[in-house]
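In my numbering, the protein residues as written are 6 to 294.
Here a beta-carbon is modelled for each residue, glycine too, at the ideal position from N, C-alpha and C.
These numbers come from a predicted model, not from an experiment.
Below is one structure, written out as structure tokens; comments come after it.
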Amino acid sequence: MANGQWYPPEWPDRIRALADGSLTPVTPKRAATVMLLKDTDTGPSVHMLRRRTSMAFAGGAYAYPGGGVDPRDEQQIRWAGPTRAWWARRLGLEEAAAQAIVCAAVRETYEEAGVLLAGPTDDSVVGDTTGEDWEADRAALVARDLSFAEFLDRRGLALRSDLLGAWTRWITPEFEPRRYDTWFFVAALPEGQRTRNASTEADRTVWIRPTDAAASYDKGELLMMPPTIATLRQLTPYDSAAQTLTAAPDRDLTPVLARARLGEDGEIVLAWPGHDEFTKHIPTGGTPA
């Protein structure tokens, strides 16, 4: 491949099946992912993990901490920052659903990176989250033995929604068997905390400048899904994590959904609106160009 764009070989057959009506799209599951940033002498770096090659979805691809919404993410929790009503307007959802998305973003970041955007007061953040007791709670969250609301209540913590900025929204194409309606957020690494590879789905984690990650993708060295490389490119103009967060409220959250059409000669044209670099032309029985 010319670059590191993730492209499953079964896509052409599934696209044709969708076109002829033999494939019924599955309903996408709501999800959230967080672009965790920290400042360095050469500009902000973003925390990324590499999905294990054994993973059925995007194995070997670099991504951000994140995952699907747990139904219990709608449970009543101690909340700091913009209100649920504010987040509902920002995300275009009902209040309960908006809380669940924000909660999922914070919970998944803790589950997969060990970083917790919560504090004992509305204007503080927990420090070191390492140690056996923290790990026991994190493992219970991953196993779904503990809801995030129960976890926060047990530790007397409030979710700091003001530490998140909603950045963009992508929906997995209709022809994919595993579909997600994913909100992407930005956040700065809290002082005193550090990331670690806490995810069973990842075999490597890195802190990398968005420009360096994008350059490695362009060379075909790093495999990524379109939303990942697209958001990396969107991060490159900013000189600090704070600057990125300041820009978040003005970001357009209109969802990006790939579209595929069949040409007269049987060629498939696969495109992501607003992101021309991902357009693929797939000839009948051929490979994408």
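Around the beta-carbon of P76, fewer than 16 other beta-carbon atoms lie within 10 Å, marking it exposed. Contact between I82 and A145 is ruled out by a C-beta separation of about 16 Å, above the 8 Å threshold.
The way I'd put it, the region 261-274 does touch the region 11-22; three or more beta-carbon pairs between them come closer than 8 Å.
Straight-line spacing of the CA atoms in G279 and P260 works out to 11 Å. Taking every protein chain shown into account, the CB of A235 has 16 or more other CB atoms within 10 angstroms, so this residue is buried. The three-state secondary structure of D281, taken from DSSP, is strand. Secondary structure of S152 (DSSP, three-state): coil.
Looking at the backbone, the Cα of L151 and that of E116 are separated by about 12 Å. When beta bridges are read from the DSSP output, S27 appears opposite no residue.
Distance from A246 to P49 at the Cβ level is roughly 5 Å; contact confirmed, criterion being Cβ atoms closer than 8 Å. As for any alpha helix (DSSP H) of minimum length 4 sitting wholly inside the region 179-228, the runs are 215-223, ordered along the chain. Judged by DSSP secondary structure, I234 falls within the alpha helix (DSSP H) whose first and last residues are 231-240. Annotation for T173: the continuous beta strand (DSSP E) segment containing it runs 170-176. Within the same chain, Cβ atoms closer than 6 Å to the Cβ of T216 are found at T241, the five residues on either side in sequence being excluded. Looking from the CA of A118, the closest CA among D128, T134, I106 belongs to T134. The residue from R160, D127, T126 with its alpha-carbon nearest to that of D138 is R160.
If the five residues before and after L228 are omitted, its C-beta is found closer than 7 Å to the C-beta atoms of G9, W11, G65, A66, Y67, all from its own chain and listed in chain order. If one requires a minimum length of 4 residues, the alpha helix (DSSP H) runs lying completely within the region 114-168 are 137-147, 153-160, in chain order. Taking a C-beta distance under 7 Å as the contact criterion, L164 and W91 do not qualify as a contact pair. For T289, the closest alpha carbon among the candidates R266, E282, P125, T45 is that of R266. For the region 14-101, the full-length alpha helix (DSSP H) segments reaching 4 residues or more read 16-24, 89-96 along the chain. Just measuring C-alpha positions, the residue of Y243, L157, G97, D142 sitting nearest A171 is G97. A Cβ-Cβ distance of about 16 Å is found for the pair A253 and L237, leaving them out of contact under the 8 Å criterion.
For L267, the uninterrupted beta strand (DSSP E) segment begins and ends at 264-267.
According to the DSSP assignment, L250 belongs to the alpha helix (DSSP H) that extends over 246-252. When V147, E100, L169, A101 are compared, the shortest CA-CA separation from V130 is found for L169. Secondary-structure assignment with DSSP links V261 through a beta bridge to W175.
Just so you know, the alpha carbons of H52 and T177 end up roughly 22 Å apart.
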